[in-house]
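Take a look at the structure below.
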Amino acid sequence: MERRQFVASLVAGGCAGMCVDLTLFPLDTIKTRLQSQQGFYKAGGFRGIYAGVPSAAVGSFPNAAAFFVTYDCTKSLLGAGGLLAAPHMAPVTHMLAASLGEIVACLIRVPTEVVKQRTQASPSSTTYHMLLATLREEGVRGLYRGYRSTVLREIPFSLVQFPLWEYLKTLWSWRQGHTLYSWQAAVCGAFAGAVAAFVTTPLDVAKTRIMLAKAGSTTASGNIPLVLYDVWRSRGISGLFAGSIPRVTFISVGGFIFLGAYEKVRRTLL
Numbered sequence: 001m002e003r004r005q006f007v008a009s010l011v012a013g014g015c016a017g018m019c020v021d022l023t024l025f026p027l028d029t030i031k032t033r034l035q036s037q038q039g040f041y042k043a044g045g046f047r048g049i050y051a052g053v054p055s056a057a058v059g060s061f062p063n064a065a066a067f068f069v070t071y072d073c074t075k076s077l078l079g080a081g082g083l084l085a086a087p088h089m090a091p092v093t094h095m096l097a098a099s100l101g102e103i104v105a106c107l108i109r110v111p112t113e114v115v116k117q118r119t120q121a122s123p124s125s126t127t128y129h130m131l132l133a134t135l136r137e138e139g140v141r142g143l144y145r146g147y148r149s150t151v152l153r154e155i156p157f158s159l160v161q162f163p164l165w166e167y168l169k170t171l172w173s174w175r176q177g178h179t180l181y182s183w184q185a186a187v188c189g190a191f192a193g194a195v196a197a198f199v200t201t202p203l204d205v206a207k208t209r210i211m212l213a214k215a216g217s218t219t220a221s222g223n224i225p226l227v228l229y230d231v232w233r234s235r236g237i238s239g240l241f242a243g244s245i246p247r248v249t250f251i252s253v254g255g256f257i258f259l260g261a262y263e264k265v266r267r268t269l270l
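Residue numbers (the UniProt record's numbering): 1 to 270.
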């Protein structure tokens, strides 16, 4: 990967991340409160809908930049030669690149997500105080609580979203006989994001419960199957898909903004 392409991926990814995270933050707050153990209204309801926004603002640029740099570099390396360079192997390349991108990006995303979600579920507190409280009670390790569940949510999500996005772009481009405009790539991103979001909602519920759980509790240990079983036992299928409507809406609109902005900025820089 050339230096110019590297810089384009870095800047385009970071800009796309900030655009989507800050634009759709209220929907994310509603989703977190719907999934929290205490219930929507006890977690704050519609009050303080921007609680936790500083954490999202600080983490969104480096998080998205890390993802896209890793994604594009991996695609470039895997597509350079060998078995994975064949056209029919493109979905496998995209899956591997997206998975690796998520693992790297989550190193930045998880601490900001922990602070953000705890502030969203306790709107009377501030981002700064929640950060200090987490460090005081659990240390740096507390900021990475839910890392495994986040990665295990993001990888299946990316395994669906990115190959589907790339496939839809290729299909639409072939049908019209030229490269897609940025808005068309954004439409493909919205559809791919909606499908991936709905399928992976139970994993998102588990991740939210683990991040919001009291330190030392069974849920806080991060056993995803156990958390999912507890949710299913207490709230049934509807509990496993709690927050699915705002999540699908958030990620569908987010996919449009995120992947559309990424394509637009990257093409402008290249």
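Ideal placement from N, C-alpha and C gives every residue a C-beta, glycine not left out.
In this text, all values refer to a predicted model and were calculated from it rather than measured experimentally.
Rounded C-alpha distance that separates residue i from residue j
i, j, result
"Arg145", "Ala220", "8 Å"
"Ala185", "Ser252", "13 Å"
"Gln37", "Leu259", "32 Å"
"Thr3", "Gly255", "With the sequence shown as reference, residue 3 is identified as Arg, and Thr is not the correct amino acid for it. Rounded to whole angstroms, Arg3 to Gly255 spans 26 Å at the Cα level."
"Thr119", "Ala51", "6 Å"
"Glu154", "Arg148", "10 Å"
"Leu171", "Val195", "17 Å"
"residue 271", "Phe6", "Here the chain comprises residues numbered 1 to 270, so residue 271 is not present and cannot be evaluated."
"Gly193", "Val20", "13 Å"
"Tyr41", "Arg136", "28 Å"
"Cys15", "Phe68", "11 Å"
"Ser125", "Lys214", "16 Å"
8 Å Cβ cutoff, residue i in contact with chain C
i, result
"Tyr144", "Among the chains in the structure shown there is no chain C, since it carries only a single protein chain."
Rounded Cβ spacing between residue i and residue j (contact assumed at less than 8 Å)
i, j, result
"Pro156", "Leu203", "7 Å"
"Val58", "Val265", "Rounded, the Cβ-Cβ distance is 20 Å, inconsistent with contact."
"Pro123", "Gly48", "3 Å"
"Ala44", "Ala121", "The question names Ala, but residue 44 in the sequence shown is Gly. With a Cβ gap of about 7 Å, Gly44 and Ala121 count as contacting."
Residue range of the alpha helix (DSSP H) that includes residue i
i, result
"Met95", "Ala90 to Ala121"
"Asn63", "Val53 to Leu78"
"Ala261", "Ser244 to Leu269"
"Trp25", "The displayed chain sequence assigns Phe, not Trp, to residue 25. From DSSP, the alpha helix (DSSP H) with Phe25 extends over Phe25 to Gln35."
"residue 275", "Not covered by the structure: residue 275. The range shown for the chain is 1 to 270."
"residue 301", "Residue 301 falls outside the range modelled here, since the chain spans only 1 to 270, and no answer is possible."
"Thr127", "Thr127 to Glu138"
"Pro225", "Ile224 to Leu240"
Contact check, residue i vs residue j, beta carbons under 8 Å
i, j, result
"Tyr9", "Ser99", "According to the sequence provided, residue 9 is Ser. The question's Tyr does not apply to it. Contact: no."
"Ala90", "Glu166", "yes"
"Leu34", "Gly243", "yes"
"Leu228", "Leu240", "yes"
"Arg233", "Thr201", "no"
"Gly13", "Tyr262", "yes"
"Gly134", "Gly142", "The amino acid occupying residue 134 in the given sequence is Thr; Gly does not appear at that position. Taking 8 Å as the Cβ cut-off, Thr134 and Gly142 qualify as a contacting pair."
"Ala105", "Lys75", "no"
"Ser60", "Gly101", "no"
"Lys207", "Cys188", "no"
"residue 271", "Gln117", "A question about residue 271 goes unanswered here, because the residues of the chain that appear run from 1 up to 270."
"Thr249", "Leu22", "no"
"Pro163", "His94", "yes"
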